[in-house]
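Undergrad:
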Amino acid sequence: MSRHIALTVDRDSRLPLAMQIRDSLRGLVESGTLKPGTRIPSSRQLAVDIGVSRSVVVEAYDQLTAEGYLTGRRGSGTSVAARTGAETAASALAPLTEEPAPGARWDLRTGASDTTDFPRTEWLRCATAVITGAGRQELGYAPLAGVPHTRHVLTGYLGRVRGVRGRPEDLMITSGFAQGLALVCRVLLDRGHTALAVEDPGHPGEREFIGQSGLRPVGIPVDEDGLDVERLEASGARAVLITPANQFPTGVRLGRERRERLVAWAREVDGYVLEDDFDTGFLDPAGRLPALQSLAPDRVVYAGSASKTLAPALRLGWLAGPPDLMASVEHVRAGWDIGCSGLEQLTFARFIDTGAFDRHQRRLRTEFRRRRRTVRAHLDTQLPGAWLPGGAGGLQAYVRLPSRIDEQALVRAARRRSVLVRGGRDYSVSAAGSPPALVIGYAKANCAALSRSLTEVGAAYREQWEGAG
Ligand SMILES: Cc1ncc(COP(=O)(O)O)c(C=O)c1O
């Protein structure tokens with residue numbers, strides 16, 4: 001007997017239906033919800049269940065079979081294959097990003113990237129030019145720290161757009177921010193650090209990742225002006241990981257005075273600031289301050305990533321820091337791998353050089369501004385008493401709730417209405433003390449989906465509000 005599978009498709013999404021079905025099924029297999037050997041419905045049955053044409057389901061099944069998730073023999077149906085990605089280990093940074101969402105209609109959890117608008121044509125054009133022109137050198141091993149041309153182009157770009165200071169030699173291309181963080185943690189340990197301060201609230205996966213590296217993550221409170229530097233000074237830590245441009249997840253910006261005080265602290269304790277600038281592409285340039293690194297290139301390690309602006313699958317990130325620290329980073333990395341894909345790096349350089357990166361980010365900003373306006377409009381009309389402490393950018397809205405609202409009860413009520421959303425507690429280091437909040441990620445939800453899902457959240461909210469009033 002095949003199992004019934006609760007799958008839904010979003011007809012407003014730009015993602016083709018076959019891809020939606022493929023992604024949902026893959027998620028169910030990876031999460032272990034569908035175990036190896038489980039018979040899944042026939043393509044005809046699933047097509048009827050979810051109201052799509054059979055060819056769409058066949059396309060999804062074919063692809064999952066080719067990827068090794070499903071196996072099928074004519075006459076005996078299709079089942080989940082015995083060996084799947086479910087058996088592989090996951091990074092601590094992953095849980096917030098790609099956790100599958102079985103059964104829920106809308107996913108407003110943070111961590112995702114919006115890859116529906118990945119600039120396929122322009123990226124392909126750049127990749128084709130790179131591959132066509134690639135000689136022996138380009139097809140060989142790239143230097144460990146990255147292809148010199150890409151480091152040169154990226155240094156120029158970061159200087160122009162974020163005010164980052166430094167030489168291409170002091171910039172390393174990493175396999176995403178995750179590798180940059182792992183490298184910096186290792187170097188800090190080698191230099192006698194035992195702790196790395198982090199923002200509270202902040203990214204729980206990062207805290208776990210830092211803990212696994214051997215450093216103790218120490219939570220430092222964040223208020224409307226960003227990280228509380230006074231509390232950092234009292235913490236005993238000599239290094240801090242921070243998202244100053246757009247604090248994750250609150251969206252507040254580190255104020256000017258605190259920036260000055262933070263770099264003064266780093267000098268005072270002979271320590272370092274790791275600046276995670278992963279989502280500034282989504283911030284309005286007019287409202288952005290230059291990177292913190294520009295105030296103290298001797299103390300701040302600047303980190304960026306293409307995961308949000310392009311796609312996590314590229315695994316492209318970068319670190320720019322003081323030369324002596326970067327030399328240690330390179331030394332550590334020499335024992336880990338032999339660098340990232342040179343062809344991908346060259347494609348990225350070309351993508352920047354041709355202006356395609358700027359154009360793409362402008363498009364993303366316009367779209368995300370719209371999504372944020374949709375969130376604001378729903379807050380105003382449907383969540384009375386809730387407010388946004390943060391600014392006007394990024395991929396999520398941190399919504400503070402009045403104290404009479406029970407955050408976790410609201411999260412559960414939203415789930416019953418088919419909306420997956422996280423409460424502030426999931427991001428907080430000191431769970432007991434965190435004020436009630438909802439963190440609405442809108443990377444995976446366009447305006448129409450946001451509108452419908454927030455209407456559901458609003459209904460759940462009003463039930464509590466009226467019940468408590
Ligand atoms: C706080 C934060 N920084 C950085 C990243 C980017 O990480 P990576 O470049 O390893 O994909 C993410 C991705 O979700 C993130 O949430």
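The sequence shown begins at 1 in full-length UniProt numbering and counts up one residue at a time.
Cβ atoms here follow ideal geometry from the backbone N, Cα and C, with glycine treated the same way.
Fair warning: this is a prediction, and the values are worked out from it, not measured in the lab.
Alpha carbons only, please: which of Arg452, Val161 and Ser307 is nearest the one belonging to Phe278?
TA: Against the sequence shown, residue 278 aligns to sequence position 278. Ranking Arg452, Val161 and Ser307 by Cα distance to Phe278 puts Ser307 first.
Undergrad: Applying the 10 Å Cβ sphere with the 16-neighbour rule, what's the burial state of Trp336?
TA: For the purposes of this step, residue 336 is taken as the residue at position 336 of the sequence shown. By the 10 Å Cβ count, Trp336 comes out exposed.
Undergrad: Starting from Val300, trace the beta strand (DSSP E) both ways and give me its first and last residue.
TA: Counted from its first residue, the sequence shown places residue 300 at position 300. Counting along the chain, the beta strand (DSSP E) containing Val300 begins and ends at Val300 to Ser305.
Undergrad: According to DSSP, Ser79 sits in a beta bridge with which residue or residues?
TA: Sequence index remark: in the sequence shown, residue 79 carries index 79 (1-based). Answer by DSSP bridge pairing, in chain order: Arg39 and Thr71.
Undergrad: What I want to know is whether the C-beta of Asp358 ends up closer than 7 Å to one or more non-hydrogen atoms of ligand 1.
TA: Taking the sequence shown and counting its residues from 1, the one referred to as residue 358 is at position 358. No, Cβ of Asp358 sits at least 7 Å from all heavy atoms of ligand 1.
Undergrad: Using a threshold of 7 Å, is the CB atom of Gly176 nearer than that to any non-hydrogen atom of ligand 1?
TA: As a first step, residue 176 is located in the sequence shown; it is residue number 176 there, counting from the start. Flag set: Cβ of Gly176 near ligand 1.
Undergrad: Is Pro244 close to ligand 1? I mean its beta-carbon at under 7 Å from any heavy atom of the ligand.
TA: As a first step, residue 244 must be located in the sequence shown, where it is residue number 244. No, ligand 1 has no heavy atom inside 7 Å of this Cβ.
Undergrad: Check Ser336 in the structure and name its three-state DSSP category.
TA: Looking up residue 336 in the sequence shown gives position 336. For the record, residue 336 in the displayed sequence is Trp; it is not Ser. Reduced to three states, the DSSP call for Trp336 is coil.
Undergrad: Distance check for Leu395 and Thr366, CA to CA, integer angstroms please.
TA: Taking the first residue of the sequence shown as 1, we reach residue 366 at position 366. Taking the first residue of the sequence shown as 1, we reach residue 395 at position 395. So the two alpha carbons sit approximately 12 Å from each other.
Undergrad: Cα separation between His378 and Leu108?
TA: By one-based count along the sequence shown, residue 378 stands at place 378. By one-based count along the sequence shown, residue 108 stands at place 108. One C-alpha to the other measures close to 14 Å.
Undergrad: State buried or exposed for Pro323, treating a residue as buried only when at least 16 other CB atoms are found within 10 Å of its CB.
TA: As a first step, residue 323 is located in the sequence shown; it is residue number 323 there, counting from the start. When all chains shown are included, Pro323 counts as exposed.
Undergrad: Using the DSSP secondary-structure output, state which residues sit across from Ala104 in a beta bridge.
TA: Residue numbering aside, residue 104 sits at position 104 when the sequence shown is read from its first letter. None; Ala104 has no bridge partner.
Undergrad: DSSP state of Gly133, grouped into three classes?
TA: Translated into the one-based positions of the sequence shown, residue 133 becomes position 133. Helix, per DSSP.
Undergrad: Would you list the residues sitting across from Gln396 in a DSSP beta bridge?
TA: Working through the sequence shown from its first residue, we reach residue 396 at position 396. DSSP output for Gln396 lists Gly441 as bridge partner(s).
Undergrad: Tell me Ser427's beta-bridge partners as DSSP assigns them.
TA: The residue you call residue 427 lines up with position 427 of the sequence shown. In the sequence under discussion, the amino acid at residue 427 is Tyr, which differs from the Ser named in the question. Beta-bridge pairing links Tyr427 to no other residue.
Undergrad: Relative to the C-alpha of Val300, which candidate in Gly317, Asp276 and Ala313 has its C-alpha closest?
TA: As a working mapping, residue 300 is identified with position 300 in the sequence shown. That would be Asp276, whose Cα lies nearest to the Cα of Val300.
Undergrad: Asp200: which of Ser305, Ala460, Ala443 and Asp426 sits nearest, CA to CA?
TA: Reading the sequence shown from its first residue, position 200 is the one you call residue 200. Nearest option by C-alpha distance: Asp426.
Undergrad: Assign Ile5 to one of two classes, buried (16 or more other C-beta atoms within 10 Å of its C-beta) or exposed (fewer than that).
TA: Translated into the one-based positions of the sequence shown, residue 5 becomes position 5. Classification for Ile5: buried.
Undergrad: So what's Tyr272 in DSSP terms, helix, strand or just coil?
TA: Here residue 272 is taken as the residue at index 272 of the sequence shown, counted from 1. Three-state DSSP puts Tyr272 in a strand.
Undergrad: Quick test of your reading: Ser175 and Cys340, contact by CB under 8 Å. State the CB separation rounded to the nearest angstrom.
TA: Here residue 175 is taken as the residue at index 175 of the sequence shown, counted from 1. Here residue 340 is taken as the residue at index 340 of the sequence shown, counted from 1. That belief holds up - the Cβ atoms of Ser175 and Cys340 are roughly 5 Å apart, short of 8 Å.
Undergrad: Near Glu407, which residues of its chain fall below 8 Å by C-beta distance, leaving aside the five closest residues on each side in sequence?
TA: Start at 1 with the first residue of the sequence shown, and residue 407 comes out as number 407. Closer than 8 Å at the Cβ level, and outside the excluded window around Glu407, lie Leu401, Gly423, Gly424, Arg425, Pro436, Ala437 and Leu438.
Undergrad: With a threshold of 6 Å on Cβ separation, who are the neighbours of Gly385 within its own chain once the five nearest residues in sequence on each side are excluded?
TA: Counting from 1 along the sequence shown, the entry for residue 385 is found at position 385. Answer for Gly385: Pro402, listed in chain order.
Undergrad: What three-state label does DSSP hand residue 471 in the structure shown?
TA: It is not possible to answer for residue 471, since the shown part of the chain is limited to 1 through 469.
Undergrad: Tell me which same chain residues have a C-beta within less than 7 Å of the C-beta of Val9, skipping the five on either side of it?
TA: Within the sequence shown, residue 9 is the residue found at index 9, counting from 1. Cβ within range, chain order: Leu17, Gln20, Ile21, Ile50 and Val52.
Undergrad: Taking one C-beta from the region 147-154 and one from the region 176-191 each time, how about it: are there three or more such pairs within less than 8 Å?
TA: No: fewer than three Cβ pairs fall under 8 Å.
Undergrad: I'd like to know whether the C-beta atoms of Gly317 and Ser305 end up nearer to each other than 8 Å.
TA: In the sequence shown, the residue the question calls residue 317 occupies position 317. In the sequence shown, the residue the question calls residue 305 occupies position 305. Result yes, Cβ atoms of Gly317 and Ser305 sit closer than 8 Å.
Undergrad: By how many angstroms is the C-alpha of Tyr141 removed from the C-alpha of Gly135?
TA: Position 135 of the sequence shown, counted from the start, is the residue given in the question as residue 135. Position 141 of the sequence shown, counted from the start, is the residue given in the question as residue 141. Roughly 12 Å separates the two Cα atoms.
Undergrad: Under a Cβ-count criterion, where at least 16 other Cβ atoms within 10 Å of its own Cβ denotes burial, should Trp387 be classed as buried or exposed?
TA: Residue numbering aside, residue 387 sits at position 387 when the sequence shown is read from its first letter. Result: exposed.
Undergrad: To the nearest angstrom, report how far apart Gln382 and Ala448 are at their CA atoms.
TA: Sequence index remark: in the sequence shown, residue 382 carries index 382 (1-based). Sequence index remark: in the sequence shown, residue 448 carries index 448 (1-based). Near 16 Å, if we compare the C-alpha coordinates of Ala448 and Gln382.
Undergrad: Taking 8 Å as the cut-off, does the region 239-249 touch the region 452-468 (at least 3 CB pairs, one atom from each stretch)?
TA: Contact fails: fewer than three Cβ-Cβ distances are below 8 Å.
Undergrad: Tell me, which residues are paired with Met172 by DSSP?
TA: Within the sequence shown, numbered from 1, the residue matching residue 172 stands at position 172. Looking at the DSSP assignment, Met172 forms a beta bridge with Leu319.
Undergrad: Looking at the unbroken alpha helix (DSSP H) that takes in Glu206, where does it start and where does it end?
TA: The residue you call residue 206 lines up with position 206 of the sequence shown. Note, Glu206: alpha helix (DSSP H), Pro204 to Ser213.
Undergrad: Only counting the same chain, and skipping five residues up and downstream in sequence, which positions put a Cβ closer than 6 Å to that of Ala86?
TA: Indexing the sequence shown from 1 puts residue 86 at position 86. Because Ala86 sits at a pLDDT of 47, beneath the cut-off of 50, its placement in the model cannot be relied upon, and the point is left open.
Undergrad: In this structure, does DSSP put Arg452 in helix, strand or coil?
TA: In the sequence shown, counting from the first residue as 1, residue 452 sits at position 452. Reduced to three states, the DSSP call for Arg452 is helix.
Undergrad: Measure the C-alpha to C-alpha separation of Ala349 and Gly433 and round it to an integer number of angstroms.
TA: By 1-based counting over the sequence shown, the position of residue 349 is 349. By 1-based counting over the sequence shown, the position of residue 433 is 433. Taking the straight line from one Cα to the other gives about 45 Å.
Undergrad: Quick one: what does DSSP say Ile50 is sitting in, helix, strand or coil?
TA: Taking the first residue of the sequence shown as position 1, residue 50 is located at position 50. The answer is helix: DSSP assigns Ile50 an H, G or I state.
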